[in-house]
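Novice: Numbers 4 to 486, taken from our numbering, label the letters of the sequence shown in order. We put the beta carbon where it would ideally sit given N, CA and C, even for glycine. From a predicted model like this one, the values you see are computed outputs, not experimental measurements.
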Amino acid sequence: MSRRHNKHLTFSSVQQPFYFWFDIAIIAMSFFVLLFGWLNLMKEPLNNILLAIISLAGLAPVLISALKALIKKKLTIDLLAGIALIFALLAREWQSAVFVSLMLASARLFARYTASQAKNALAGLMKLRPTKIHLSVDGKICEVSIEQVKVGDLVVVESGERVAVDGVVESGEASIDQSSLTGESEPVAKKAGEEVLSSTLNVSGSLMVRAKKVGGDTTFAKILELVEKSQASKAPIASMVERFAGRYIFFTLLGATALYVFTQKIDLVLAVLLVTCADDLAVAIPLAFTAAIGVAARWGIIIKGGEFLEGLTKVRAMVFDKTGTITEGKTKVEETITFGGYSQDEFLAVLGAAESESGHPAAKAVKKLIAAKGINLLRITKVHEEPGFGIRGKIDGEEIIAGKTKFLKDNGIVFSDEESGLIEEQKAKNRMVTVLSRGGRVIGFVAMRDAVRAGAADIIKKLRSMGVDKIAMLTGDNEKIAA
Numbered sequence: 004m005s006r007r008h009n010k011h012l013t014f015s016s017v018q019q020p021f022y023f024w025f026d027i028a029i030i031a032m033s034f035f036v037l038l039f040g041w042l043n044l045m046k047e048p049l050n051n052i053l054l055a056i057i058s059l060a061g062l063a064p065v066l067i068s069a070l071k072a073l074i075k076k077k078l079t080i081d082l083l084a085g086i087a088l089i090f091a092l093l094a095r096e097w098q099s100a101v102f103v104s105l106m107l108a109s110a111r112l113f114a115r116y117t118a119s120q121a122k123n124a125l126a127g128l129m130k131l132r133p134t135k136i137h138l139s140v141d142g143k144i145c146e147v148s149i150e151q152v153k154v155g156d157l158v159v160v161e162s163g164e165r166v167a168v169d170g171v172v173e174s175g176e177a178s179i180d181q182s183s184l185t186g187e188s189e190p191v192a193k194k195a196g197e198e199v200l201s202s203t204l205n206v207s208g209s210l211m212v213r214a215k216k217v218g219g220d221t222t223f224a225k226i227l228e229l230v231e232k233s234q235a236s237k238a239p240i241a242s243m244v245e246r247f248a249g250r251y252i253f254f255t256l257l258g259a260t261a262l263y264v265f266t267q268k269i270d271l272v273l274a275v276l277l278v279t280c281a282d283d284l285a286v287a288i289p290l291a292f293t294a295a296i297g298v299a300a301r302w303g304i305i306i307k308g309g310e311f312l313e314g315l316t317k318v319r320a321m322v323f324d325k326t327g328t329i330t331e332g333k334t335k336v337e338e339t340i341t342f343g344g345y346s347q348d349e350f351l352a353v354l355g356a357a358e359s360e361s362g363h364p365a366a367k368a369v370k371k372l373i374a375a376k377g378i379n380l381l382r383i384t385k386v387h388e389e390p391g392f393g394i395r396g397k398i399d400g401e402e403i404i405a406g407k408t409k410f411l412k413d414n415g416i417v418f419s420d421e422e423s424g425l426i427e428e429q430k431a432k433n434r435m436v437t438v439l440s441r442g443g444r445v446i447g448f449v450a451m452r453d454a455v456r457a458g459a460a461d462i463i464k465k466l467r468s469m470g471v472d473k474i475a476m477l478t479g480d481n482e483k484i485a486a
């Protein structure tokens, strides 16, 4: 993973792991030595010696950073802080020196922590990429690492596995969850001749995929690369502050030098340097962006960089992804309708048996409802699933068919006007419908949808009140489901 996005903050050596423990030590020692001094638990000579040692230790990384910047002909806040520390030590203002060291160590530590939050979001995306996959070689299945896959290889993708390449299905059928890439709430049925993309999940079925793009050329790898590169971007205000800081530091040092020449008083120069050390300039602006990006990352929001975060102040139109943003990203049973005298529990006992081995989101929603109700399932045999369409099996010798309306019709099931009308009513409400038949007749259906996230409407209203007057939803679903 690139570290370019950590490059040249005004704090010294933010990106070096050693400084994490170094800064922890500076903060801890400063706290205890200052506390013991204030409570008179430590005699003054020893207290002052320890404060001086801590200040000298804190001075080292600041001077290193300042010297590196000077070599590049740049003036940074570290230079000003370093000079302030030196004057504090010369004036024997031990507490002032320690406070400057404590402030800078805390800033570095907080910067490292908040930056790690954005890194964690990228690491979370990388977990979607499998490390091991199965290849079909001369009719035999072998497991290899993702790095060994080449264009043209035949990749085996079983139920529950993620697709590791961009390719074309050569054989098999499966339901593919593409929500991580396209936002589609429903899995898509894939069969021979159709394209599949890396990082998508096979929820049911089995596929043989001929690899067309592998490694860094896959769709998912390009997304990771885009996110990683964007972390290096710098907000315009941050660049402006850097330019201002150079002039600010120059005139501050010029003023401090003039003050010393005319007064010969180190304590006055120290006071000026401490006041103008501008820790807010060194800490507030870069950390405000880093912290905001980190908080957003913890909520699953990837911000491409400070430039785009700053640009939010000018936004008057917003487009949201539907699945997992406007909605919860989880299918939920909204209504259960039965026919032929079946109670809801009797109907669910049959449907649950049919869906028991399926990994389809609709099946998971049904199983969750049945578990909550504590319903015992019936025993089903000769189960056969056609991924993306439905399931067939037998209970007590009677044929059981569960799935989409078209799937049942293709298997010879005839719908009455009442049944068709009720199903169409549910579809008009933008709900997904799973129909169940037993012994050749429809006995009921469940209507489901991806529930709208609680508070989504309030957030939309708040955005409008903030001046965002155009709001749209981006989704891979069809118009009816998205409405």
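Per DSSP, which one or two residues make a beta bridge with H387?
Specialist: In the sequence shown, counting from the first residue as 1, residue 387 sits at position 384. The partner list for H387 (beta bridge, DSSP) reads R395.
Novice: Just the Cα atoms here: how many angstroms apart are L477 and I416?
Specialist: Position 474 of the sequence shown, counted from the start, is the residue given in the question as residue 477. Position 413 of the sequence shown, counted from the start, is the residue given in the question as residue 416. So the alpha carbons of these two residues sit roughly 36 angstroms apart.
Novice: Along the chain, where does the alpha helix (DSSP H) that runs through I57 open and close?
Specialist: Residue mapping note: residue 57 aligns to position 54 of the sequence shown, counting from 1. Segment 47-74, the alpha helix (DSSP H) holding I57.
Novice: Which residue comes first and which comes last in the beta strand (DSSP E) that contains S148?
Specialist: Position 145 of the sequence shown, counted from the start, is the residue given in the question as residue 148. Element bounds for S148: 143-148.
Novice: Would you report the Cα separation of E146 and L204, rounded to the nearest angstrom?
Specialist: If you number the sequence shown from 1, residue 146 lands on position 143. If you number the sequence shown from 1, residue 204 lands on position 201. Taking the straight line from one Cα to the other gives about 18 angstroms.
Novice: Determine contact between the region 344-354 and the region 451-459, defined as no fewer than three beta-carbon pairs at a distance below 8 angstroms.
Specialist: The region 344-354, when compared against the region 451-459, does not touch it at the 8 angstroms Cβ threshold.
Novice: The beta strand (DSSP E) that contains L372, what's its start and end?
Specialist: Taking the first residue of the sequence shown as position 1, residue 372 is located at position 369. It is not in any beta strand (DSSP E) - L372 instead sits in the alpha helix (DSSP H) that spans 364-376.
Novice: From the DSSP output, which residues share a beta bridge with A450?
Specialist: In the sequence shown, residue 450 corresponds to position 447, counting from 1. Answer by DSSP bridge pairing, in chain order: E338, V436.
Novice: To the nearest angstrom, how far is it from the Cα of A475 to the Cα of G443?
Specialist: Against the sequence shown, residue 475 aligns to sequence position 472. Against the sequence shown, residue 443 aligns to sequence position 440. The straight-line gap from Cα to Cα measures roughly 44 angstroms.
Novice: So the candidates are E164, K71, G175; which of them puts its Cα closest to the Cα of Q181?
Specialist: By 1-based counting over the sequence shown, the position of residue 181 is 178. Nearest option by C-alpha distance: E164.
Novice: I'd like to check one pair, V275 with L257: are the Cβ atoms closer than 8 angstroms?
Specialist: By 1-based counting over the sequence shown, the position of residue 257 is 254. By 1-based counting over the sequence shown, the position of residue 275 is 272. No.
Novice: Using a Cβ-Cβ distance cut-off of 8 angstroms, determine whether M106 contacts chain C.
Specialist: This model lacks chain C altogether, as it is built from one protein chain only.
Novice: I81: buried (16+ other C-beta within 10 angstroms of its C-beta) or exposed?
Specialist: Numbered from its first residue, the sequence shown carries residue 81 at position 78. Note that residue 81 is Asp in the sequence shown here, rather than Ile. Buried.
Novice: Between the C-alpha atoms of A368 and G470, what's the straight-line distance to the nearest angstrom?
Specialist: On the sequence shown, residue 368 is found 365 positions in, with the first residue counted as 1. On the sequence shown, residue 470 is found 467 positions in, with the first residue counted as 1. Spanning the two alpha carbons is a distance of roughly 38 angstroms.
Novice: In the DSSP assignment, the beta strand (DSSP E) including V322 goes from what residue to what residue?
Specialist: To locate residue 322, count along the sequence shown from 1; it is residue 319. Where V322 is concerned, the enclosing beta strand (DSSP E) stretches over 320-324.
Novice: Just verifying my parser: in three-state terms, what is the DSSP assignment at D220?
Specialist: Position 217 of the sequence shown, counting from 1, holds the residue named residue 220. Looking at D220 - three-state DSSP - the assignment turns out to be helix.
Novice: Between E197 and the rest of its own chain, which residues show a CB-CB distance below 6 angstroms, the 5 nearest in sequence each way excluded?
Specialist: Position 194 of the sequence shown, counting from 1, holds the residue named residue 197. Here the set comprises V172.
Novice: What residue from A431, A405, Q429, D472 has the CA that sits closest to V488's CA?
Specialist: The question about residue 488 has no answer here: the residues shown for the chain are numbered 4 through 486.
Novice: Enumerate in chain order the residues of its own chain whose CB-to-CB distance from E331 is below 6 angstroms, with the five nearest sequence positions on each side excluded.
Specialist: In the sequence shown, the residue the question calls residue 331 occupies position 328. Hits under 6 angstroms: A454, R456.
Novice: Can you look up S468 in the DSSP assignment and give me helix, strand or coil?
Specialist: As a working mapping, residue 468 is identified with position 465 in the sequence shown. DSSP places S468 in helix when its eight states are reduced to three.
Novice: Run through DSSP, which three-state label would K317 get?
Specialist: Counting from one through the sequence shown, the residue named residue 317 turns up at place 314. Reduced to three states, the DSSP call for K317 is helix.
Novice: Mapping the DSSP letters down to three states, classify G402 as helix, strand or coil.
Specialist: Numbered from 1 along the sequence shown, position 399 holds the residue referred to as residue 402. Inspection of the sequence shows that residue 402 is occupied by Glu rather than by Gly. In this structure, E402 counts as strand in the three-state DSSP scheme.
Novice: Where does T408 sit, in a helix, a strand or coil, going by DSSP?
Specialist: For this step, residue 408 is matched to residue 405 along the sequence shown. Three-state DSSP puts T408 in a helix.
Novice: Grab the span of the alpha helix (DSSP H) containing S33 for me, first residue to last.
Specialist: As a working mapping, residue 33 is identified with position 30 in the sequence shown. Note, S33: alpha helix (DSSP H), 21-41.
Novice: For a quick check, are the C-beta atoms of L351 and L381 less than 8 angstroms apart?
Specialist: Taking the sequence shown and counting its residues from 1, the one referred to as residue 351 is at position 348. Taking the sequence shown and counting its residues from 1, the one referred to as residue 381 is at position 378. In this structure, L381 does not lie closer than 8 angstroms to L351 by Cβ.
Novice: Count Cβ pairs between the region 128-139 and the region 103-118 that sit closer than 8 angstroms; are there 3 or more?
Specialist: Output reads no: the region 103-118 does not touch the region 128-139.
Novice: Keeping to the same chain, check which residues put their C-beta closer than 8 angstroms to that of I463; ignore five residues upstream and five downstream.
Specialist: Locating residue 463 in the sequence shown gives position 460, counting from the first residue. Contacts found: I474.
Novice: Compute the distance between the beta-carbons of A177 and P133, then report whether it is under 8 angstroms.
Specialist: Along the sequence shown, one-based indexing puts residue 177 at 174. Along the sequence shown, one-based indexing puts residue 133 at 130. Contact flag unset, no.
Novice: Where does I226 sit, in a helix, a strand or coil, going by DSSP?
Specialist: Here residue 226 corresponds to residue number 223 of the sequence shown, with the count starting at 1. In the structure shown, I226 sits in a helix (DSSP, three-state: H, G or I).
Novice: Give the secondary structure of A192 by DSSP, where H, G and I count as helix, E and B as strand, and everything else as coil.
Specialist: The residue given as residue 192 occupies position 189 in the sequence shown. Looking at A192 - three-state DSSP - the assignment turns out to be strand.
Novice: Distance, Cα to Cα, H8 vs K71?
Specialist: Translated into the one-based positions of the sequence shown, residue 8 becomes position 5. Translated into the one-based positions of the sequence shown, residue 71 becomes position 68. For H8, the predicted structure reports a pLDDT of 37, less than 50, and the residue's modelled location is therefore unreliable. A value from the coordinates is still provided. So the two alpha carbons sit approximately 18 angstroms from each other.
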